[in-house]
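Keeping their order, the protein sequence lines are chains U and D.
With this note's numbering as the guide, the letters of the first sequence map in order to residues 167 to 593.
With this note's numbering as the guide, the letters of the second sequence map in order to residues 167 to 593.
Presented below is the structure to which this report refers.
Protein chains: 2
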Amino acid sequence: MMVRAPCDLMVLDAAELASLSGPAGPRRGRAQAEIGILPGGSVAVRGGRVVAVGLAKELRKRWKAVQEISASGCLVTPGLVDPHTHAVFVGDRAVEFEMRILGRSYQDIAAAGGGILSTVRAVRAASDAGLEKGLASRLDRMLLQGTTTAEVKSGYGLTLRDEIRQLEAVRRVGNRHSVRLVATFLGAHTVPAEFRKRRAAYVDRVCRRMIPEVARLGLARFCDVFVDRGAFTLAEGRRVLQAARAAGLGLKVHAEEFERTGISSLAARMGAASADHLMRVSDADIRALAASRTVAVCLPVTTLFVGEPRYAPARRMLEAGCAVAVATDLNPGSSHCDSLPLAMSLACLGLRMTPAEALTAVTINAAHALGMGWEVGSLELGKRADLVIWGVPSHRHLPYTMGANLARTVIVDGRVVAERGRLLKAR
Amino acid sequence: MMVRAPCDLMVLDAAELASLSGPAGPRRGRAQAEIGILPGGSVAVRGGRVVAVGLAKELRKRWKAVQEISASGCLVTPGLVDPHTHAVFVGDRAVEFEMRILGRSYQDIAAAGGGILSTVRAVRAASDAGLEKGLASRLDRMLLQGTTTAEVKSGYGLTLRDEIRQLEAVRRVGNRHSVRLVATFLGAHTVPAEFRKRRAAYVDRVCRRMIPEVARLGLARFCDVFVDRGAFTLAEGRRVLQAARAAGLGLKVHAEEFERTGISSLAARMGAASADHLMRVSDADIRALAASRTVAVCLPVTTLFVGEPRYAPARRMLEAGCAVAVATDLNPGSSHCDSLPLAMSLACLGLRMTPAEALTAVTINAAHALGMGWEVGSLELGKRADLVIWGVPSHRHLPYTMGANLARTVIVDGRVVAERGRLLKAR
Numbered sequence: 167m168m169v170r171a172p173c174d175l176m177v178l179d180a181a182e183l184a185s186l187s188g189p190a191g192p193r194r195g196r197a198q199a200e201i202g203i204l205p206g207g208s209v210a211v212r213g214g215r216v217v218a219v220g221l222a223k224e225l226r227k228r229w230k231a232v233q234e235i236s237a238s239g240c241l242v243t244p245g246l247v248d249p250h251t252h253a254v255f256v257g258d259r260a261v262e263f264e265m266r267i268l269g270r271s272y273q274d275i276a277a278a279g280g281g282i283l284s285t286v287r288a289v290r291a292a293s294d295a296g297l298e299k300g301l302a303s304r305l306d307r308m309l310l311q312g313t314t315t316a317e318v319k320s321g322y323g324l325t326l327r328d329e330i331r332q333l334e335a336v337r338r339v340g341n342r343h344s345v346r347l348v349a350t351f352l353g354a355h356t357v358p359a360e361f362r363k364r365r366a367a368y369v370d371r372v373c374r375r376m377i378p379e380v381a382r383l384g385l386a387r388f389c390d391v392f393v394d395r396g397a398f399t400l401a402e403g404r405r406v407l408q409a410a411r412a413a414g415l416g417l418k419v420h421a422e423e424f425e426r427t428g429i430s431s432l433a434a435r436m437g438a439a440s441a442d443h444l445m446r447v448s449d450a451d452i453r454a455l456a457a458s459r460t461v462a463v464c465l466p467v468t469t470l471f472v473g474e475p476r477y478a479p480a481r482r483m484l485e486a487g488c489a490v491a492v493a494t495d496l497n498p499g500s501s502h503c504d505s506l507p508l509a510m511s512l513a514c515l516g517l518r519m520t521p522a523e524a525l526t527a528v529t530i531n532a533a534h535a536l537g538m539g540w541e542v543g544s545l546e547l548g549k550r551a552d553l554v555i556w557g558v559p560s561h562r563h564l565p566y567t568m569g570a571n572l573a574r575t576v577i578v579d580g581r582v583v584a585e586r587g588r589l590l591k592a593r
Numbered sequence: 167m168m169v170r171a172p173c174d175l176m177v178l179d180a181a182e183l184a185s186l187s188g189p190a191g192p193r194r195g196r197a198q199a200e201i202g203i204l205p206g207g208s209v210a211v212r213g214g215r216v217v218a219v220g221l222a223k224e225l226r227k228r229w230k231a232v233q234e235i236s237a238s239g240c241l242v243t244p245g246l247v248d249p250h251t252h253a254v255f256v257g258d259r260a261v262e263f264e265m266r267i268l269g270r271s272y273q274d275i276a277a278a279g280g281g282i283l284s285t286v287r288a289v290r291a292a293s294d295a296g297l298e299k300g301l302a303s304r305l306d307r308m309l310l311q312g313t314t315t316a317e318v319k320s321g322y323g324l325t326l327r328d329e330i331r332q333l334e335a336v337r338r339v340g341n342r343h344s345v346r347l348v349a350t351f352l353g354a355h356t357v358p359a360e361f362r363k364r365r366a367a368y369v370d371r372v373c374r375r376m377i378p379e380v381a382r383l384g385l386a387r388f389c390d391v392f393v394d395r396g397a398f399t400l401a402e403g404r405r406v407l408q409a410a411r412a413a414g415l416g417l418k419v420h421a422e423e424f425e426r427t428g429i430s431s432l433a434a435r436m437g438a439a440s441a442d443h444l445m446r447v448s449d450a451d452i453r454a455l456a457a458s459r460t461v462a463v464c465l466p467v468t469t470l471f472v473g474e475p476r477y478a479p480a481r482r483m484l485e486a487g488c489a490v491a492v493a494t495d496l497n498p499g500s501s502h503c504d505s506l507p508l509a510m511s512l513a514c515l516g517l518r519m520t521p522a523e524a525l526t527a528v529t530i531n532a533a534h535a536l537g538m539g540w541e542v543g544s545l546e547l548g549k550r551a552d553l554v555i556w557g558v559p560s561h562r563h564l565p566y567t568m569g570a571n572l573a574r575t576v577i578v579d580g581r582v583v584a585e586r587g588r589l590l591k592a593r
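Below is the structure:
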């Protein structure tokens, strides 16, 4: 008789297991539709890692689990990865939501002292505990909807002290919350009010003082810059990226959202992990992204939320061979949405991605946009055992079903952390 | 000392109580933004009815409740009313969802034997228990998201027997489920395959045999007809509505969705309870609706889901003095969405309605679209005590917050039926 190795957990008999297994690296172009489907698939977990993927019959021959969970009738996917959020803020901008409906543009509202700067005022006035509480409650809701890894940007402090306070909140909450966090420094989110007439001095400050200090403290893995109309110029963006690279931070950019600036091409040439938004990306930018290791992160909820007429040209990017990821962009102004499944629906309906392409976009490609493709984003041997059992039978049903939360069981590092809409333990 | 009257339940100290109180009848035009806000508002319930609305201090002087629920920090609204669903079906059309993304139109898919007719085949083949189970599970999810009254249409049977089976499923499930149901006969949903070359004979059958029999059995309150390209003509629609009126049924129409036919003007002249879809409504139609008692029901999720470029001109309708309601259109083909809060977000983002107008659209105006404005849709003395406590502080935050389910406590007829994402008893 064969001796079976002990393991901690087996998730058994999924109607459809979408493992996202495949060659290393982000999925590009047509390969983005390859999601490693195994009907009847099961997963074995030990020490928080995936130790086997296959049919239950095979797995049971080799492994004996402490806990077994049936996924009968259900889709099983890797835990979802949200590669672009601004989730550490306080307050809200519900009144602006109404102003925009009544015809004011995002830029109008910013010019009138609302917009990002109103959240900056709120964050500067908030306590550390307040920042942590706001972030933790948003992560709770994200986790309940299947997100197990998320990027969180600073960018509502805009002083060294307040940027560090935001990033420290991310670190402290990340240490105790089930959602795995990746911190990004976004001091170059907008020019703060006190530097309005001295924008060059603010860019100087970001590059010479803030970036080196954030890097020295190890508070962020990435540095991001918002290059656009009403934000920073291409030349300013280049300076920020150069300073970040010099300090050893990974690079990200807010690119071509309201105006085409070419920052995405520059980001691609500089080896950025991602270029995000891309609603007005040019053909040349697309070629640069396709030729690079930079992931194109689309934010379709934002397009809907700010009332822009056109979504990013995701199909053209896919056809050109870009690796496309999708994120919520969770923030109080332009995308007050915590749900990657809803972002997937809009990826299909707005970006015209297929359900398989959308799933790749919120798993393995999103993981690569965070430099974590080696650790999360697929169910493969040795990777983190982050997975979601969904109350639908296939990956097509996930974006097709809008409204109700479909995540039945959420597992992080091999532990069940949420079940049928409830968190299993206080974090 | 004053004697306090006993009551069953008090919901106390809402951050914002939106009672939707006001003059009788649907809210029209600018009045649609009047939602009866009472900061710090409380509600007392007795015998399943609202017996008092006011501040807690006042209510406590007059009433002594068996149960008290704090709504501190929360928005309280009437239970939401979904005035247009096709919720009694089996199977799904997730594959079509993908086909549409790949470029096939709703009409293409229907012409290829998919679309409504594929659901008709599934419904005809389903058992009664299967029909009931599908409907009940959808109602569970709707209730968890704040819907306490819903219209459900037949229209996937298209034989007298199968239409009656659908309507009987609605009746049986309605008798045991907390969601209050209103049944609509939609035999004229599409021409069934067996009548493809004899459409006049099918219209005859609907008018002479099915409508009288459904009315005789008391299985439906309304009769609806789908007048559009690929469905029925204006003349056929008129016949159906005339037969329905003769049989004593209320009238509803699927109007001006893919093509302008003028059925909405006709419905207004005939005193229909509602005209629904209206994406291609003309100025003349809008004038006719504004001058009538017919509620204009917009379905923004459907517009998004079928990939149409333009939403219904809700602002023009509001400015003309129409009463506008919003529904999910829950169905397996063109709107697989069970969430009125999501429909409210799209009412704001797509239809450009304000949060207050959107709330009116899914409460009192939706109730009037079902002829139930005297019973539900607002928190006023004598009305059903259907209400929702939301985990947000104001009505603006409801459409502004996308993703997570915000309904904290759902109360029907004065009983708590759902709490933090769980149904409180098996139905």
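Beta carbons: idealized from backbone N, C-alpha and C, even for Gly.
Everything numeric in this text was worked out from a predicted model, so none of it was measured.
| Query | Result |
| --- | --- |
| At a Cβ cut of 8 Å, what residues of the region 555 to 582 of chain D count as close to chain U, listed as they run along the chain? | Ser560, Arg562, His563, Pro565, Tyr566, Thr567, Met568, Gly569, Ala570 and Asn571 |
| Within its chain, find whatever has a CB closer than 6 Å to the CB of alanine 524 of chain U; leave out the 5 residues flanking it on each side and keep chain order. | Met510, Ala513, Cys514 and Pro565 |
| With 16 other CB atoms within 10 Å as the buried threshold, where does tryptophan 540 of chain U fall? | exposed |
| What residues from chain U crowd round histidine 502 of chain D, counting only those whose CB sits closer than 8 Å? | Tyr566, Thr567 and Met568 |
| For a minimum of 4 consecutive residues, which ranges assigned as the alpha helix (DSSP H) are wholly contained in the region 461 to 527 of chain D? | 466 to 472, 480 to 486, 506 to 515 and 521 to 527 |
| Using Cβ-Cβ distances below 9 Å, what residues of the region 329 to 346 of chain U are close to chain D? | none |
| How big is the Cα-Cα spacing for alanine 592 of chain D and alanine 493 of chain D? | Confidence in alanine 592 of chain D is poor, its pLDDT being 47 and thus under 50, which makes the residue's placement unreliable; the coordinate value appears in the next sentence. Alanine 592 of chain D and alanine 493 of chain D: Cα-Cα distance of roughly 26 Å. |
| Using a 10 Å radius around the Cβ and a threshold of 16 neighbouring Cβ atoms, would you call asparagine 341 of chain D buried or exposed? | exposed |
| Touching or not, the region 257 to 272 of chain U and the region 525 to 537 of chain D, by the rule of three or more beta carbon pairs under 8 Å? | no |
| Closest Cβ-Cβ distance between glycine 473 of chain D and chain U: below 8 Å? | yes |
| Measuring straight from C-alpha to C-alpha, what distance separates alanine 184 of chain U and arginine 193 of chain D? | 48 Å |
| Report the CB separation of arginine 250 of chain U from glutamate 317 of chain U in whole angstroms; it is logged as a contact under 8 Å. | The question names arginine, but residue 250 of chain U in the sequence shown is histidine. Correct: roughly 6 Å between the Cβ atoms. |
| Would you please verify whether the beta carbon of proline 521 of chain U is less than 8 Å from any beta carbon of chain D? | yes |
| If we define contact as Cβ-Cβ less than 8 Å, is valine 318 of chain D a contact residue for chain U? | no |
| Under 8 Å Cβ-Cβ, which residues of chain U neighbour arginine 307 of chain D? | Gly569 and Ala570 |
| Report yes or no: do the region 215 to 224 of chain D and the region 277 to 292 of chain D share at least 3 C-beta pairs separated by less than 8 Å? | no |
| Using a beta-carbon distance below 8 Å, is valine 467 of chain U in contact with chain D? | yes |
| Have a look at threonine 399 of chain D and valine 393 of chain D and give me their C-alpha separation to the nearest angstrom. | 6 Å |
| Assuming arginine 562 of chain U and proline 521 of chain U form a contact by the criterion Cβ under 8 Å, report the distance between their Cβ atoms to the nearest whole angstrom. | 4 Å |
| Classify serine 544 of chain U: buried if its beta carbon has 16 or more other beta carbons within 10 angstroms, exposed otherwise. | buried |
| Mapping the DSSP letters down to three states, classify glutamine 332 of chain U as helix, strand or coil. | helix |
| On the CB-based measure, 16 or more other CB atoms within 10 Å of its CB, does threonine 356 of chain D come out buried or exposed? | buried |
| Counting only beta-carbon atoms, is serine 505 of chain D nearer than 8 Å to chain U? | yes |
| So, for leucine 578 of chain U: in the same chain, excluding its five sequence neighbours on each side, which residues have a beta-carbon less than 7 Å away from its beta-carbon? | It should be pointed out that residue 578 of chain U corresponds to valine in this sequence rather than to leucine. For valine 578 of chain U, where only same-chain residues beyond five positions count, the Cβ hits under 7 Å are Gly245, Thr314, Ser344 and Asp552. |
| If the cut-off is 7 Å on Cβ atoms, which residues from the region 370 to 387 of chain U count as contacting chain D, listed in chain order? | none |
| Go through its chain and collect everything with a Cβ distance to valine 232 of chain D's Cβ below 8 Å, but skip five positions before and after it. | Pro172, Cys173, Asp174 and Leu175 |
| Going by DSSP, what residue range makes up the beta strand (DSSP E) through glutamine 233 of chain D? | 229 to 236 |
| Please look up how many angstroms separate the CB atoms of threonine 241 of chain D and alanine 180 of chain D, rounded, as I've assumed it's under 8 Å. | In the sequence as presented, threonine is not what sits at residue 241 of chain D; that position holds leucine. Correct: roughly 7 Å between the Cβ atoms. |
| Taking a contact to mean a Cβ-Cβ separation below 8 Å, would you say cysteine 389 of chain U touches threonine 350 of chain U in this structure? | yes |
| Taking buried to mean at least 16 other C-beta atoms within 10 Å of its own C-beta, is lysine 549 of chain D buried or exposed? | buried |
| Which two residues bound the contiguous alpha helix (DSSP H) that contains leucine 297 of chain D? | 294 to 310 |
| Near alanine 210 of chain D, what residues of its chain come up, given a Cβ to Cβ distance below 6 Å and the 5 sequence neighbours on each side ignored? | Cys173, Met176, Val217, Ala218, Leu225 and Trp229 |
| Please report the straight-line C-alpha distance between leucine 589 of chain U and leucine 310 of chain U, rounded to a whole angstrom. | 7 Å |
| Please confirm whether alanine 260 of chain D has its beta-carbon closer than 8 Å to some beta-carbon of chain U. | yes |
| Taking only beta-carbon atoms, is glutamine 273 of chain D less than 8 Å away from chain U? | no |
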